[in-house]
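As structure tokens, the structure follows; a few thoughts come after it.
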Amino acid sequence: MPPWLENAVFYQIYPQSFSDANGDGVGDLAGIIARLPYLRDLGVTGLWLNPCFLSPFRDAGYDVADFYQVAPRYGTNADLRALFAEARGLGLRVMLDLVAGHTSIEHPWFQASCQPERNRYTDWYVWTDSVWTWSGLNQPVVAGYAARDANYFPNFFWFQPALNYGYARPDPARPWQQPVDAPGPRAVRAELRAIMRHWLDLGASGFRVDMAGSLVKNDPGGHATAALWREFRSWLDEAYPDAALVSEWSDPAVAIPQGFHMDFLLPFNKPGYTSLFRRALPAAAPYFDRSGGGSIRPFLDEFLPLHAATRDHGFIAIPTGNHDAGPRLGNGRDVRDLAVAFAFLLTMPGVPFIYYGDEIGLRSIDGLPSKEGGYGRTAVRTPMQWDASPNAGFSAAPAERLYLPVDPAPDRPTVAAQTADSASILHVVRRLIALRRAHPALGAGGDFAPVCAEAGRPIFVYRRAGSGEVILVALNTAGAPGEARLPSGTMTTIPRVLAGEAAAFRQDAAGWFVRLPPVAYAVVATGG
Ligand code: GLC
Numbered sequence: 399m400p401p402w403l404e405n406a407v408f409y410q411i412y413p414q415s416f417s418d419a420n421g422d423g424v425g426d427l428a429g430i431i432a433r434l435p436y437l438r439d440l441g442v443t444g445l446w447l448n449p450c451f452l453s454p455f456r457d458a459g460y461d462v463a464d465f466y467q468v469a470p471r472y473g474t475n476a477d478l479r480a481l482f483a484e485a486r487g488l489g490l491r492v493m494l495d496l497v498a499g500h501t502s503i504e505h506p507w508f509q510a511s512c513q514p515e516r517n518r519y520t521d522w523y524v525w526t527d528s529v530w531t532w533s534g535l536n537q538p539v540v541a542g543y544a545a546r547d548a549n550y551f552p553n554f555f556w557f558q559p560a561l562n563y564g565y566a567r568p569d570p571a572r573p574w575q576q577p578v579d580a581p582g583p584r585a586v587r588a589e590l591r592a593i594m595r596h597w598l599d600l601g602a603s604g605f606r607v608d609m610a611g612s613l614v615k616n617d618p619g620g621h622a623t624a625a626l627w628r629e630f631r632s633w634l635d636e637a638y639p640d641a642a643l644v645s646e647w648s649d650p651a652v653a654i655p656q657g658f659h660m661d662f663l664l665p666f667n668k669p670g671y672t673s674l675f676r677r678a679l680p681a682a683a684p685y686f687d688r689s690g691g692g693s694i695r696p697f698l699d700e701f702l703p704l705h706a707a708t709r710d711h712g713f714i715a716i717p718t719g720n721h722d723a724g725p726r727l728g729n730g731r732d733v734r735d736l737a738v739a740f741a742f743l744l745t746m747p748g749v750p751f752i753y754y755g756d757e758i759g760l761r762s763i764d765g766l767p768s769k770e771g772g773y774g775r776t777a778v779r780t781p782m783q784w785d786a787s788p789n790a791g792f793s794a795a796p797a798e799r800l801y802l803p804v805d806p807a808p809d810r811p812t813v814a815a816q817t818a819d820s821a822s823i824l825h826v827v828r829r830l831i832a833l834r835r836a837h838p839a840l841g842a843g844g845d846f847a848p849v850c851a852e853a854g855r856p857i858f859v860y861r862r863a864g865s866g867e868v869i870l871v872a873l874n875t876a877g878a879p880g881e882a883r884l885p886s887g888t889m890t891t892i893p894r895v896l897a898g899e900a901a902a903f904r905q906d907a908a909g910w911f912v913r914l915p916p917v918a919y920a921v922v923a924t925g926g
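Below you can see the structure in the form of structure tokens.
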């Protein structure tokens with residue numbers, strides 16, 4: 399386990415929308431480099447960049463046309479190297495996005511694979527044995543795409559053909575389904591390793607792996623895919639022990655023991671993550687909601703077993719949001735609501751990820767036309783808002799040439815305004831990150847246990863511990879005051895206030911209790 403993960407806090411950058419240095423309306427690497435001091439001052443220790451490689455950008459760069467070349471609109475490979483080096487100089491590590499499962503139809507490998515004549519790339523993608531045979535039962539969607547008499551397996555959008563990692567259970571009646579150790583899948587695995595080696599050698603610190611859980615096809619339980627990642631992980635442990643992998647799998651109990659250092663909790667499959675900040679079911683309020691109608695239980699009931707199953711092997715990553723998940727945390731929340739949400743995100747075990755702009759409460763913009771395959775996701779991909787200059791300081795281009803419009807709201811949050819206001823959410827986030835980094839008990843691997851977490855109650859108290867330190871965190875998400883009594887023995891010494899409401903933890907004849915004003919939090923040290 400790379401030791402730097404223990405107190406890591408990541409920041410996700412969607413490069414299109416972060417900072418445009420050359421004035422063409424699209425963010426770029428030079429723009430990111432110029433903003434590194436801001437990120438250092440924020441206190442984050444790592445960056446994750448969405449794909450920045452050559453691409454026709456039909457899926458925002460998740461349709462890669464050359465894994466070894468930076469997209470010209472973002473700069474050059476030398477710029478990416480410079481970003482790695484400058485970031486490192488400021489104590490920041492950079493993770494790239496590894497789109498392992500597919501390429502663009504424009505990738506030369508795929509172009510070659512489309513040819514009827516056998517060649518090096520014939521088996522690099524999943525192809526059926528005839529244009530009349532579909533890759534999946536209900537998947538005639540791209541039948542007849544190529545001169546080759548076969549159909550390919552689209553991994554996500556139709557223009558993202560699946561790379562061939564083989565089938566865990568190839569169907570003998572469908573001989574085109576190759577086993578994982580066939581020459582094609584072996585060559586693809588070797589190439590993926592070469593891609594990782596290439597960027598790690600140039601200074602990358604690891605990868606966020608796109609659709610990591612679905613590489614091997616017909617793989618119930620993900621066992622063959624997991625075996626593949628175990629293989630990569632043993633290689634990394636040997637050759638690049640400082641490099642980290644975080645998966646887009648959203649099944650930490652599978653992904654982490656099998657090789658990933660971290661796995662994201664995401665809105666897929668289970669309701670836990672969604673129930674925190676976003677409405678999971680039409681009727682239910684999220685836990686972080688002023689109505690007080692939400693509950694922390696749907697999250698905890700999912701998280702506690704996952705934490706227990708993974709804590710000896712790696713870390714669960716809880717993101718504030720990402721380029722796929724909306725609405726943004728900032729929607730409908732004021733500085734107090736956001737402060738309580740960040741107090742939670744930045745004191746939980748595992749590794750927190752902040753989606754660019756969430757630290758100032760950037761809001762999503764509904765109703766935009768789809769951009770680069772964004773569809774509904776376009777709402778959460780609008781430009782970062784830096785200051786009061788045109789285009790909120792994102793770009794010097796005319797407004798109509800921007801990648802996406804900047805939030806037109808007169809009260810749109812900006813970094814400059816919030817830097818000047820010590821009560822802003824930006825300052826709260828900075829203080830909470832600093833607190834996390836200063837206390838090992840709040841680190842990724844510190845103990846975690848709920849203390850008061852009753853269904854349907856807006857008060858949630860939990861305990862973090864590590865390196866002889868015990869820290870209690872109390873949250874009240876509701877717009878009404880709240881109170882909870884602590885089980886005896888929770889408080890081992892008079893609490894020392896670290897953040898939030900100073901007088902939250904109190905004592906009476908019956909013992910300790912916590913009392914919080916509406917929408918408030920407190921972090922205290924006790925014992926150790
Ligand atoms: C992942 C990415 C998403 C992309 C898809 C296909 O889910 O996060 O943005 O569209 O994979 O690569």
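Numbering-wise, this note's numbering comes out as the position in the sequence shown, counting from 1, plus 398. All C-beta atoms, glycine included, are put in the ideal place defined by N, C-alpha and C.
Non-local beta-carbon contacts of Gly473 in its own chain, meaning distances under 8 angstroms to residues more than five positions away in sequence, involve Asp426, Leu427, Ala428 in chain order. Shown here for Val529: same chain residues with a beta carbon closer than 7 angstroms to its own, the five before and five after excluded, namely Ala541, Gly542, Asp547, Ala548, Asn549 in chain order.
Apart from sequence neighbours up to five positions away, the residues of its chain that approach Arg799 with a beta-carbon distance below 7 angstroms are Gly423, ordered along the chain.
Contact between Pro725 and Ala777 holds, with the beta-carbon distance rounding to 7 angstroms and staying under 8 angstroms. When DSSP states are grouped into helix, strand and coil, Trp522 belongs to the coil group. Taking 8 angstroms as the upper bound for CB-CB distance, Tyr919 and Gly898 are in contact here, some 4 angstroms apart. Here Arg567 is exposed, its C-beta having fewer than 16 other C-beta atoms within 10 Å.
Going by beta carbons, Thr875 and Tyr685 fall inside the 8 angstroms limit. Listed in chain order, the alpha helix (DSSP H) runs fully inside the region 427-507 are 427-432, 434-440, 475-487, counting runs of at least 4 residues.
Residue pairing by DSSP puts Lys615 in a beta bridge opposite Tyr565. Excluding the 5 residues flanking it on each side, Asp649 has same chain C-beta neighbours closer than 8 angstroms at Gly611, Gly620, Asp661, Asn667, in chain order. The residue from Ala863, Ala602, Asp521, Pro559 with its alpha-carbon nearest to that of Pro573 is Asp521.
With contacts defined as CB atoms closer than 8 angstroms, Pro655 and Ser673 fail to qualify as a contacting pair. Of the heavy atoms belonging to ligand 1, none sits nearer than 7 angstroms to the Cβ of Ala463.
When distances are taken from the beta-carbon of Met660 to the heavy atoms of ligand 1, even the shortest one reaches 7 angstroms or more.
Residue pairing for Tyr753: DSSP places it in a beta bridge opposite Gln410. Here the alpha carbon of Thr780 sits roughly 15 angstroms from the alpha carbon of Ala795. Placement of the Cβ of Gln558 at a distance of less than 7 angstroms from at least one heavy atom of ligand 1 is found. With distances taken between CA atoms, Ser865 lies nearest to Pro838 out of Ile857, Phe858, Asn729, Pro838. Per DSSP, reduced to three states, the secondary structure at Trp910 is strand. Using a C-beta cut-off of 8 angstroms, the region 508-525 makes no contact with the region 626-641, since fewer than three inter-stretch Cβ pairs fall below that distance. Taking Leu736 as the centre and dropping the five residues before and after it, the same chain places the C-beta of Gly759, Ile823 closer than 6 angstroms to its C-beta, in chain order. In the three-state scheme derived from DSSP, where H, G and I count as helix and E and B as strand, Asp635 is classed as helix.
Counting C-beta pairs with one atom in each stretch, the region 808-815 and the region 733-748 have fewer than three that are closer than 8 angstroms, which means they do not touch. Of the residues Arg775, Ala637, Arg828, the one whose Cα lies closest to the Cα of Ala723 is Arg775. Contact between the region 445-456 and the region 575-591 is not established, with fewer than three Cβ pairs separated by less than 8 angstroms. Under DSSP, Phe713 shares a beta bridge with Met660.
Assigned with DSSP and collapsed to three states, Ser415 falls in helix.
DSSP places Ala588 within a helical segment (H, G or I) once states are collapsed to three.
Glu646 has its Cβ nearer than 7 angstroms to a heavy atom of ligand 1.
Relative to the Cα of Arg606, the nearest Cα in the group Ala637, Val492, Phe554 belongs to Val492. The beta carbon of Tyr638 sits no closer than 7 angstroms to any heavy atom of ligand 1. Distance from the C-beta of Val497 to the nearest heavy atom of ligand 1 is below 7 angstroms. Counting C-beta atoms within 10 angstroms of its own C-beta, Glu646 has 16 or more neighbours from the protein chains shown and is therefore classed as buried.
The three-state secondary structure of Asp599, taken from DSSP, is helix. Residues Tyr638, Ala641 of the same chain have their beta carbon placed closer than 6 angstroms to that of Leu598, with the five preceding and five following residues left out of the count.
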